[in-house]
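Visitor: Here you go, one structure.
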Amino acid sequence: KSNAPVLDSYWMPFTANRQFKAAPRLFTAAKGMHYTTDDGRRVLDGTAGLWCVNAGHGREQITRAVEHQLATLDYAPSFQMGHPIAFDFAERLAALAPGSQDNKLDRVFFTGSGSESVDTALKIAVAYQRAIGQGTRTRLIGRERGYHGVGFGGITVGGLVNNRRVFPQLPGADHLRHTHDLERNAFTRGQPEHGADLADDLERLVVLHGAETIAACIVEPVAGSTGVLLPPKGYLQRLRDICTKHGILLIFDEVITGFGRLGAPFAADYFGVTPDLVTTAKGLTNGAIPMGAVFASRTVHDALMNGPEAAIELFHGYTYSGHPAACAAGLATLDIYEQEGLLTRASRLESQWHEAIHSLAGLPKVIDIRTIGLVAGIELASRPDAAGTRAYEVFVKCFEKGLLIRVTGDIIALSPPLIVEEDQIGEIVSVLGDVLRQ
Ligand code: PMP
């Protein structure tokens, strides 16, 4: 009897369903930089799982911490009750939080995923505006080609047009223009040079809708899932300035960029721009246990908790907010990040990473390469008449040759665990180069 699982009952994420079932690929184990497949092959992880396994796979410190926590206190509610490990974890995160000494985002709200973090941050923004007497500010601004998860809030501000067409939207939302300059950058390493005036598109929306209707603007500092789109120099700072000028809260969605991906703990640190709220998940627990966290400024937190319409009146929180096992995983993850210097390792590897990835320039069909921190986007010329994209074909061939990459449309995305060694960077580029040359 074959060991292959029956594929009928499990309804996978919609977009992946057909591709997977056409050619099932199963991982059964993982350690360090490698997965093992069901037929016993080793596959180098070029994507840190789904941008989340920043410290590499199978970390015993995390396993032990979770095991101990489950054996000691498996679950406790976060409503009217608490448990110490959630406070410990929040305290450790607060010390790491982005922001300056006098404006640190050191108020931490726990969620169960990136999508929950996004919905939480959007709700906090609207509730905050109301708490400070700005109840007309309910409009949310996102950006075309942004990705903010799959809650109704995240879909509304996100840039996945199919989702926006099918599902009802939160009323009044609008999107910053996605421009060519934010997309291809003529093979630039790091941020493209184009000025900050692209961010002035937010002024257009302010004029169009009226500042008094807008609660918040949410962007990924570096858009990940939609193809590694880098902000031009000055873009994020200009967004910050416009938001401040008009009383709009700025939210950075750092579900991907948080926890060392760019070579600083957060993208907010990397770019030197402090938003009002930061959403995180993924690297928070090294992907080991699902968890997210929203970081808020004290101004936002205090207005909500102590304002005339205190948040106490609102109901928001999750059964698994601050789950003990997730907090244990998170604390062990932070220990590893700190012991191994992983939150800044990407900055030490950055130039080598850039060199290696950019050596693929000039290969057939490669029309752009974008690198920042330990992230790369390699864009291929599209082939609209064919069944699958070229990038998907590249994904399949890389997998056969023992390398896991991620593809989104025509774009190959790379984001290896932050423990990646120099020879493994070489291996990623060599396999990918061979496949692209074919
Ligand atoms: N925001 C961003 C920027 C993301 O990349 C993702 C996931 N790729 C999410 C939100 C949603 O996170 P989750 O899948 O954990 O809900």
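Residues 6 to 443 in UniProt numbering are what the sequence shown lists, from first letter to last. Positions of the beta carbon are idealized from the N, C-alpha and C atoms, including for glycine.
Quick one: does isoleucine 362 have its CB under 7 Å from some CB of chain D?
Guide: Protein chains in the displayed structure number just one, and chain D is not present.
Visitor: In chain order, what residues of the same chain have a beta carbon less than 8 Å from the beta carbon of arginine 112, not counting five sequence neighbours either side?
Guide: As a first step, residue 112 is located in the sequence shown; it is residue number 107 there, counting from the start. Excluding positions up to five away in sequence, the list reads Ala99, Phe300, Ala301, Ser302, Arg303, Val305, His306.
Visitor: What is the DSSP secondary structure of glycine 163, reduced to helix, strand or coil?
Guide: On the sequence shown, position 158 is the one that residue 163 refers to. Coil.
Visitor: With a CB to CB cut of under 8 Å and the five nearest residues on each side skipped, what residues in its chain are close to glutamate 432?
Guide: Here the question's residue 432 lines up with position 427 in the sequence shown. Leu49, Leu408.
Visitor: Going by DSSP, what residue range makes up the beta strand (DSSP E) through histidine 39?
Guide: Sequence index remark: in the sequence shown, residue 39 carries index 34 (1-based). Here the beta strand (DSSP E) through histidine 39 covers 39 to 42.
Visitor: Residues in its own chain within less than 6 Å of lysine 6 by CB, not counting five upstream and five downstream?
Guide: Translated into positions along the sequence shown, residue 6 becomes position 1. With a pLDDT of 48 at lysine 6, under the threshold of 50, the predicted position of this residue should be treated as unreliable, though the coordinate-derived value follows. Excluding residues within five positions, none has a Cβ falling inside 6 Å.
Visitor: Just list the residues that DSSP pairs aspartate 373 with in beta bridges.
Guide: For the purposes of this step, residue 373 is taken as the residue at position 368 of the sequence shown. Glu384.
Visitor: Can you name, in chain order, every residue of its own chain whose Cβ lies under 8 Å from the Cβ of glutamine 66, other than the five neighbours on each side?
Guide: Residue mapping note: residue 66 aligns to position 61 of the sequence shown, counting from 1. If we look at glutamine 66 and ignore the five residues flanking it on each side, its Cβ neighbours are Ala337, Asp340, Ile341.
Visitor: Could you spell out the range, first to last residue, of the alpha helix (DSSP H) harbouring histidine 363?
Guide: The residue given as residue 363 occupies position 358 in the sequence shown. It spans 347 to 363 - the alpha helix (DSSP H) in which histidine 363 sits, taken as one unbroken run.
Visitor: Can the beta-carbon of residue 5 be found less than 7 Å from the beta-carbon of glycine 382?
Guide: Given a span of 6 to 443 for the chain in the structure shown, any question on residue 5 remains unanswerable.
Visitor: So, glycine 263 versus glycine 378, is the Cβ gap smaller than 7 Å?
Guide: Stepping through the sequence shown from its first residue, residue 263 is reached at position 258. Stepping through the sequence shown from its first residue, residue 378 is reached at position 373. In this structure, glycine 378 does not lie closer than 7 Å to glycine 263 by Cβ.
Visitor: Mind checking which residues open and close the beta strand (DSSP E) that includes arginine 112?
Guide: Residue mapping note: residue 112 aligns to position 107 of the sequence shown, counting from 1. Note, arginine 112: beta strand (DSSP E), 112 to 116.
Visitor: Confirm the yes/no value for this check: CB of alanine 130, any heavy atom of ligand 1, distance under 6 Å.
Guide: The sequence position of residue 130 within the sequence shown is 125, counting from 1. The answer is no for alanine 130.
Visitor: Taking the DSSP output, what are the residues bridged to threonine 413?
Guide: Within the sequence shown, numbered from 1, the residue matching residue 413 stands at position 408. The partner list for threonine 413 (beta bridge, DSSP) reads Ile416.
Visitor: At the level of alpha carbons, what is the spacing between lysine 238 and isoleucine 223?
Guide: Indexing the sequence shown from 1 puts residue 238 at position 233. Indexing the sequence shown from 1 puts residue 223 at position 218. Cα to Cα, the separation comes out at about 18 Å.
Visitor: Taking Cβ to Cβ, would you say arginine 148 is nearer than 7 Å to alanine 201?
Guide: As a working mapping, residue 148 is identified with position 143 in the sequence shown. As a working mapping, residue 201 is identified with position 196 in the sequence shown. Contact: no.
Visitor: Helix or strand or just coil, what does DSSP make of aspartate 179?
Guide: Taking the sequence shown and counting its residues from 1, one reaches residue 179 at position 174. In the structure shown, aspartate 179 sits in a strand (DSSP, three-state: E or B).
Visitor: State buried or exposed for glutamate 360, treating a residue as buried only when at least 16 other CB atoms are found within 10 Å of its CB.
Guide: On the sequence shown, residue 360 is found 355 positions in, with the first residue counted as 1. Glutamate 360 should be labelled exposed.
Visitor: Are leucine 385 and arginine 395 closer than 7 Å when you measure CB to CB?
Guide: Walking along the sequence shown from the start, residue 385 turns up at place 380. Walking along the sequence shown from the start, residue 395 turns up at place 390. Yes, the pair counts as a contact, with Cβ atoms nearer than the cut-off.
Visitor: Less than 7 Å separating the beta-carbons of glycine 177 and arginine 142?
Guide: Position 172 of the sequence shown, counted from the start, is the residue given in the question as residue 177. Position 137 of the sequence shown, counted from the start, is the residue given in the question as residue 142. It is not a contact, given that the beta carbons lie outside the stated cut-off.
Visitor: Taking only heavy atoms of ligand 1 into account, decide whether any of them is closer than 6 Å to the Cβ of glutamate 149.
Guide: Residue mapping note: residue 149 aligns to position 144 of the sequence shown, counting from 1. No, the beta carbon of glutamate 149 sits no closer than 6 Å to any heavy atom of ligand 1.
Visitor: Going by Cα to Cα distance, which pick from His214, Pro236, Ala9 is closest to asparagine 190?
Guide: If you number the sequence shown from 1, residue 190 lands on position 185. Ranking the options by Cα distance to asparagine 190, first place goes to Pro236.
Visitor: Can you tell me where the beta strand (DSSP E) holding arginine 148 begins and where it ends?
Guide: The residue you call residue 148 lines up with position 143 of the sequence shown. From DSSP, the beta strand (DSSP E) with arginine 148 extends over 144 to 148.
Visitor: Given a cut-off of 7 Å on the beta-carbon distance, is the pair leucine 127 and proline 270 in contact?
Guide: Here residue 127 refers to the residue found at position 122 of the sequence shown. Here residue 270 refers to the residue found at position 265 of the sequence shown. Cβ atoms of leucine 127 and proline 270: not closer than 7 Å.
Visitor: Which residues in the same chain have their Cβ closer than 7 Å to the Cβ of arginine 182, if we skip the five residues on either side of it in sequence?
Guide: Stepping through the sequence shown from its first residue, residue 182 is reached at position 177. So the list reads Glu149, Asp206, once near-sequence residues are dropped.
Visitor: How is the alpha helix (DSSP H) around threonine 338 delimited, first residue to last?
Guide: Along the sequence shown, one-based indexing puts residue 338 at 333. Taken as a continuous stretch (DSSP letters only), the alpha helix (DSSP H) holding threonine 338 covers 329 to 344.
Visitor: Can you have a look at histidine 180 and say buried or exposed, based on whether 16 or more other CB atoms are within 10 angstroms of its CB?
Guide: As a first step, residue 180 is located in the sequence shown; it is residue number 175 there, counting from the start. Buried, since its Cβ has 16 or more Cβ neighbours within 10 Å.
Visitor: Would you list the residues whose beta-carbon is nearer than 6 Å to any heavy atom of ligand 1, in the order they occur in the chain?
Guide: Working through the chain, the matches are Ser118, Gly119, Ser120, Val123, Tyr152, His153, Gly154, Glu225, Gly229, Ser230, Asp258, Val260, Ile261, Ala286.
Visitor: With distance defined between alpha-carbon atoms, name the residue in Val434, Gln357, Lys26 nearest to arginine 194.
Guide: The count along the sequence shown starts at 1 and reaches residue 194 at position 189. Out of Val434, Gln357, Lys26, Gln357 has the C-alpha closest to the C-alpha of arginine 194.
Visitor: Reducing DSSP to helix, strand and coil, say where asparagine 108 ends up.
Guide: For the purposes of this step, residue 108 is taken as residue 103 along the sequence shown, with counting starting at 1. Note: asparagine 108 maps to strand in three-state DSSP.
Visitor: How should valine 171 be labelled, buried or exposed, when 16 other C-beta atoms within 10 angstroms of its C-beta is the threshold for buried?
Guide: Along the sequence shown, one-based indexing puts residue 171 at 166. Flag for valine 171 reads exposed.
Visitor: Quick check on this structure: which residue in Ala331, Leu423, Gly277, Leu319 has the alpha carbon closest to the alpha carbon of asparagine 108?
Guide: In the sequence shown, the residue the question calls residue 108 occupies position 103. Measuring from the Cα of asparagine 108, the nearest candidate turns out to be Gly277.
Visitor: Any chance the region 153 to 167 sits against the region 117 to 132, with 3 or more Cβ pairs inside 8 Å?
Guide: Short answer: they touch.
Visitor: DSSP state of alanine 27, grouped into three classes?
Guide: Walking along the sequence shown from the start, residue 27 turns up at place 22. In the structure shown, alanine 27 sits in a helix (DSSP, three-state: H, G or I).
Visitor: Which residues mark the beginning and the end of the beta strand (DSSP E) in which valine 48 is found?
Guide: Counting from 1 along the sequence shown, the entry for residue 48 is found at position 43. Start and end: 47 to 50.
Visitor: Name the DSSP bridge partner or partners of threonine 284?
Guide: Position 279 of the sequence shown, counted from the first residue, corresponds to residue 284. According to DSSP, which records beta bridges pairwise, threonine 284 is partnered with Asp258, Val299.
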